[in-house]
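So the protein sequences, as listed, match chains A and B. When we follow our numbering, the leftmost residue of the first sequence carries the number 1, and every step to the right adds one. When we follow our numbering, the leftmost residue of the second sequence carries the number 1, and every step to the right adds one. All residues carry an ideal CB built from backbone N, CA and C; glycine is no exception. Computed from a predicted model, the values in this text were never measured in an experiment.
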Amino acid sequence: MGAISLHQVTKSFGPVEVIKPLDLTIEDGEFTVFVGPSGCGKSTLLRLIAGLEDVSSGRIEIDGQDATAASPAKRGLAMVFQSYALYPHMSVAGNIAFPLKMAGVDAATRKQKIADAARILNLTDYLDRKPGQLSGGQRQRVAIGRAIVREPEAFLFDEPLSNLDAALRVSMRTEISELHQALKTTMIYVTHDQVEAMTMADKIVVLRDGRVEQIGSPLDLYRAPDNLFVAGFIGSPRMNFIEGPAAEARGARTVGIRPEHILVDGAAGDISGTVGVSEHLGSDTYLNVDVDGMGTLRVRASGEVALSFGDTAHLTLPADRLHRFDETGQAIR
Amino acid sequence: MARATTTRTKAVTTVFAWAVGLAIFFPVLWTILTSFKTEAEAIASPPSFLLFDWTLENYGEVQSRSDYLRHFTNSVILSIGSSLLGLLIAVPAAWSMAFVPSRQTKNVLMWMLSTKMLPPVGVLIPIYLIFRDFGLLDSRIGLVIVLMLINLPIIVWMLFTYFKEIPGEILEAARMDGASLWSEIIYVLAPMAVPGIASTLLLNIILAWNEAFWTLNLTTANAAPLTVFIASYSSPEGLFYAKLSAASTMAIAPILILGWFSQKQLVRGLTFGAVK
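Below is the structure:
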């Protein structure tokens, strides 16, 4: 069982409060992603849960037990680091065996578990190699192998894919999701990449300046962002924000609409504007349309749209797709 | 832009480097040569460089007059003992300063280094009195402690620099994997720092071997290392350069050989972290 809950947890480094009083519950078996821009405190929060940093105040419970003062080793958690943090002087087998050795597991069981982990992670042929002789993806797999042999209460991932190239990142993302499906263990995953968050998470925690901005499923955050920050952070391309009279006419300080929700037509629409940059990808068309009184709207249309630089585009902003925000940036519902 | 190095510049710098190297080595070479001369040739003016009657009589005389082996054994015990004891204390100290630094860490490091700026003679009297009262005069254990203490700042500093090069995340990974503090040091930190620890050990053995101030002042016979062996040829009956040179050569030979065979390790250790 790997339920984790945080009660009024704070963390300060000197006079700087990097985590403001924070409550959070992560259910057993859930894949939770902490996402936010750099410096938002997401890695610090993970390190507080891991026990690598001490909380300044508040309580952390793991599996119903108070773990606030427990050492990292005693929390029953396993962590995968951004830099992999493999032991360079040990072989792959030695790396995977290390947590078992520390736990006093006998040699025969160790061997069995290493073999199992290596099979799951396709590392069987590399067991005798040193980390320096492996590629980035293989190193990441060793780091995951070292984590899974412990059969932890929960896995903590600290931006584990950010050192990999784009293609490998996509395939490792799938592997980690599959691993979660297979193990059904609680996973907490830190990333600044909202695509990773959207594709992997059961639950996303959006953080900014050490504060939780919103917690919810990926689609909840996409459909009903609580505030301007979440609205702008989740979704790609970014949501368009309209201010001024056009927004006031719709009863809000700011109105947001996602590029894929704007309907575009060459002949008719509610508003019209001039096409600036247009990107034709075949599957999608991205247009930047300059609209009087609204500024530049980014539009994403499915398939090929025969509009290009200088053309007039007619747009419709469906009322049920509009997000309205008040002067404090909070959503009006 | 690549720097163009002409053959001439290369020749000049090579000659200059050799000249400096020879200048540094010359006193050692002269001592070795003098040890093979007779006393008369040793003080002859102008001195002869290689064309003299080579003789081993100084070595025979030195051997028959004093107990080389006893001094040698003491030197080995003092230098290795003090270096190992120093490592035992410095590894945890450097660990804490490198991986759990506090706001005062820099000051502590500077303070440790500042003790090396103090002239040793400034604390000779208090240390002498302490040694006398604790019955440590002319004892190996007392000298091991003193030599360890005077080299400890260097050991801590060197280890600190090596440890700083080790990514903290690897130690955190060990902690997450269930390693206790000692397991972390023994299984992860120490193996990764082996080159640094080895060169620190070597350098400190050399420093302790050559240390003359404390060994001369705190020993007479029982714990006397090779420095005392050399000094015993320097004064009472006037200067006997040839015999003194023979004694010196015998005293420096072991450490010179050790340094020669470990120079690769030493250079690597001393430049560790300088180039990434």
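Cα-Cα separation between residue i and residue j, rounded to whole angstroms
| i | j | result |
| --- | --- | --- |
| L307 (chain A) | A301 (chain A) | 11 Å |
| F240 (chain B) | M117 (chain B) | 34 Å |
| T44 (chain A) | A231 (chain A) | 24 Å |
| D165 (chain A) | L86 (chain A) | 19 Å |
| S38 (chain A) | M112 (chain B) | 38 Å |
| A67 (chain A) | T161 (chain B) | 35 Å |
| I144 (chain A) | L317 (chain A) | 46 Å |
| V28 (chain B) | V267 (chain B) | 21 Å |
| P153 (chain B) | T115 (chain B) | 8 Å |
| S57 (chain A) | R298 (chain A) | 44 Å |
| Q330 (chain A) | N227 (chain A) | 4 Å |
| I125 (chain B) | R110 (chain A) | 60 Å |
| L51 (chain B) | T31 (chain B) | 15 Å |
| V121 (chain B) | L22 (chain B) | 32 Å |
| L147 (chain B) | R65 (chain B) | 28 Å |
| S45 (chain B) | S234 (chain B) | 21 Å |
| R223 (chain A) | R333 (chain A) | 12 Å |
| F98 (chain A) | A118 (chain A) | 14 Å |
| T5 (chain B) | F16 (chain B) | 16 Å |
| D290 (chain A) | D193 (chain A) | 29 Å |
| R139 (chain A) | V20 (chain B) | 48 Å |
| T215 (chain B) | L143 (chain B) | 7 Å |
Three-way DSSP call (helix, strand, coil) for residue i in this model
| i | result |
| --- | --- |
| I26 (chain A) | strand |
| V275 (chain B) | With a pLDDT of 37 at V275 (chain B), under the threshold of 50, the predicted position of this residue should be treated as unreliable, and no value is reported. |
| H323 (chain A) | strand |
| R250 (chain A) | coil |
| F36 (chain B) | coil |
| I257 (chain B) | helix |
| Q82 (chain A) | coil |
| E53 (chain A) | coil |
| S302 (chain A) | strand |
| G76 (chain A) | coil |
| E153 (chain A) | coil |
| F309 (chain A) | coil |
| K11 (chain A) | strand |
| F49 (chain B) | coil |
| I120 (chain A) | helix |
| Q214 (chain A) | strand |
| Q330 (chain A) | strand |
Where residue i falls, given that 16 or more other Cβ within 10 Å makes a residue buried
| i | result |
| --- | --- |
| R132 (chain B) | exposed |
| W18 (chain B) | exposed |
| L100 (chain A) | buried |
| A274 (chain B) | No answer about A274 (chain B) holds up, because its pLDDT of 41 lies below 50 and its placement is not dependable. |
| E341 (chain A) | Examination of residue 341 (chain A) is not possible in this model, given that chain A is present from 1 through 333 alone. |
| G94 (chain A) | buried |
| V206 (chain A) | buried |
| E327 (chain A) | exposed |
| M110 (chain B) | exposed |
CB contact flag (residue i, residue j, <8 Å)
| i | j | result |
| --- | --- | --- |
| N151 (chain B) | S82 (chain B) | yes |
| S79 (chain B) | W209 (chain B) | yes |
| A94 (chain B) | F163 (chain B) | yes |
| A154 (chain A) | V35 (chain A) | no |
| M239 (chain A) | L156 (chain A) | no |
| V149 (chain A) | P131 (chain A) | no |
| K11 (chain A) | I19 (chain A) | yes |
| E184 (chain B) | R175 (chain B) | yes |
| L159 (chain B) | F99 (chain B) | no |
| Y189 (chain A) | M172 (chain A) | no |
| A179 (chain B) | Y187 (chain B) | yes |
| V9 (chain A) | I204 (chain A) | no |
| G251 (chain A) | F241 (chain A) | no |
| E17 (chain A) | G137 (chain A) | no |
| T318 (chain B) | I155 (chain B) | What is shown of chain B runs 1 to 276, which leaves residue 318 (chain B) out entirely. |
| A50 (chain A) | L77 (chain A) | yes |
| G2 (chain A) | T185 (chain A) | yes |
| A223 (chain B) | S139 (chain B) | yes |
| S75 (chain B) | L226 (chain B) | yes |
| G273 (chain A) | A313 (chain A) | yes |
| D335 (chain A) | L46 (chain A) | Nothing about residue 335 (chain A) can be read from this structure; chain A reaches only from 1 to 333. |
Original post:
Are at least three pairs of beta-carbons, each pair with one atom in the region 215-225 of chain A and one in the region 240-253 of chain A, less than 8 Å apart?
Top reply: no
Subject >> the region 243-250 of chain B / the region 27-37 of chain B touching (three or more Cβ pairs under 8 Å) >> reply: yes
Original post:
Okay, do the region 270-290 of chain A and the region 319-332 of chain A touch, 3+ Cβ pairs below 8 Å being the bar?
Top reply: no
**OP:** Tell me, please, whether the region 82-91 of chain B touches the region 199-208 of chain B by the rule of three or more beta-carbon pairs shorter than 8 Å.
**Re:** yes
Subject >> Contact the region 176-194 of chain B vs the region 41-56 of chain B: 3+ CB pairs below 8 Å >> reply: no
Original post:
Name the residues in the region 162-181 of chain B whose C-beta lies less than 7 Å from a C-beta of chain C; which are they?
Top reply: Among the chains of the structure shown, chain C does not appear; the protein chains present are A and B.
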